[in-house]
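If you read the sequence shown in our numbering, its first letter stands for residue 8, the second for the next number, and so on. We treat Cβ as the ideally placed atom computed from N, Cα and C, and that holds for glycine. Structure first, commentary second.
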Amino acid sequence: MKRTMTVMVSAMLVAAAMQAAPQGQKYVDWAKSPQAYFMTAAEKAQWDKLATDQEAEAFVNDFVAKRGGQAFVAETEKRAAMADKYLSFGKTKGSETIGGKMLVLFGAPASVAINDRAAKHHYNAAPPDPGSYAASGRSAGGAPVEDGGRTNATLAPGQSFRDFSFTFYGKSVPGLNREQLDTTVTVDLGSGKAALKDKKQQADLDTIFESVAAASVVKK
8 MKRTMTVMVS
18 AMLVAAAMQA
28 APQGQKYVDW
38 AKSPQAYFMT
48 AAEKAQWDKL
58 ATDQEAEAFV
68 NDFVAKRGGQ
78 AFVAETEKRA
88 AMADKYLSFG
98 KTKGSETIGG
108 KMLVLFGAPA
118 SVAINDRAAK
128 HHYNAAPPDP
138 GSYAASGRSA
148 GGAPVEDGGR
158 TNATLAPGQS
168 FRDFSFTFYG
178 KSVPGLNREQ
188 LDTTVTVDLG
198 SGKAALKDKK
208 QQADLDTIFE
218 SVAAASVVKK
């Protein structure tokens, strides 16, 4: 009886997972795309109920149209490319990280500061000079300093980190709902993984993400 119940529960979990996104293949990864960062909580709930590619296509077309159509698509692609260019490390694409999500949703930051730090250095080659990155970047009105993780050093996970401290202004980000947002994203240079330096800020950012997503709707 116990084995039967386990099998039944497993089957239910699989069925539930299958229902969490359209069953077809065309839009199977759309919910993880940069465009989907702009989904509100209500739209995410709607997306989870879709069952076919036809339903998903209708949803995506309406979703894009409400946000300005091709102009929204082009701007989102530009922001995602910016995140990939400046925040990709190792096999991790910048647009798929928390920092990339902010760049896609908020656009280019008003300013960015970069700080390299290490618990222990595990370089097999000469470490990069942090000053070279700062010298090549812009401190205001531009994108983060370019690096993309392309260094000549081999790093061990958990040893060397790069902090990206972003500042965004509410006047430039519809839905930010505050005069200024300061946040820091830390990248583990060994693993390529990115995370908020202050984990306690996540709840606040989730609220901001929702309000910015709602503000992206220009046509009801």
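{"Check": "How far does the beta strand (DSSP E) with serine 179 in it extend, from its first residue to its last?", "Outcome": "That residue, serine 179, is in no beta strand (DSSP E); it is neither H nor E in DSSP."}
{"Check": "Evaluate lysine 226 with the Cβ neighbour count: other Cβ atoms within 10 Å of its Cβ, from every protein chain shown; 16 or more gives buried, anything less gives exposed.", "Outcome": "exposed"}
{"Check": "Can you give the Cα-Cα distance for alanine 72 and alanine 202, rounded to whole angstroms?", "Outcome": "32 angstroms"}
{"Check": "For a test of the three-state rule: what should DSSP assign to arginine 185, helix, strand or coil?", "Outcome": "coil"}
{"Check": "Out of curiosity, what's the CA-to-CA distance linking threonine 193 and tyrosine 44?", "Outcome": "20 angstroms"}
{"Check": "Counting C-beta neighbours from all protein chains within 10 Å, is the total for arginine 124 16 or more, i.e. buried, or is it exposed?", "Outcome": "exposed"}
{"Check": "What would DSSP say about valine 194, mapped onto helix, strand or coil?", "Outcome": "strand"}
{"Check": "Looking at the structure shown, is serine 223 part of a helix, part of a strand, or coil, going by DSSP?", "Outcome": "coil"}
{"Check": "Using the DSSP secondary-structure output, state which residues sit across from asparagine 122 in a beta bridge.", "Outcome": "Asp170"}
{"Check": "Go through the segment 63 to 121 residue by residue and report every complete run of the alpha helix (DSSP H) that reaches 4 residues or more, in order.", "Outcome": "77 to 94 and 105 to 113"}
{"Check": "Would you mind stating whether serine 218 and threonine 174 have Cβ atoms separated by less than 7 angstroms?", "Outcome": "no"}
{"Check": "In angstroms with no decimal places, state the Cα-to-Cα distance between alanine 220 and isoleucine 121.", "Outcome": "27 angstroms"}
{"Check": "Cutting at 6 angstroms between CB atoms, please list the residues of its own chain near proline 181, excluding the five before and the five after it.", "Outcome": "Ala222"}
{"Check": "At what residues does the beta strand (DSSP E) containing alanine 201 begin and finish?", "Outcome": "201 to 203"}
{"Check": "Tell me the DSSP secondary structure of valine 152 in three-state form.", "Outcome": "A caution first: valine 152 carries a pLDDT of 44, below 50, which makes its placement in the model unreliable, though a value can still be read off. In the structure shown, valine 152 sits in coil (DSSP, three-state: anything other than H, G, I, E or B)."}
{"Check": "Helix, strand or coil for leucine 212, going by three-state DSSP, please let me know.", "Outcome": "helix"}
{"Check": "Return the chain-ordered list of same chain residues with a C-beta closer than 7 angstroms to the C-beta of valine 67, the five sequence neighbours on each side being excluded.", "Outcome": "Tyr34 and Trp37"}
{"Check": "Would you mind sorting phenylalanine 216 into buried or exposed? The rule is 16 or more other CB atoms within 10 Å of its CB.", "Outcome": "buried"}
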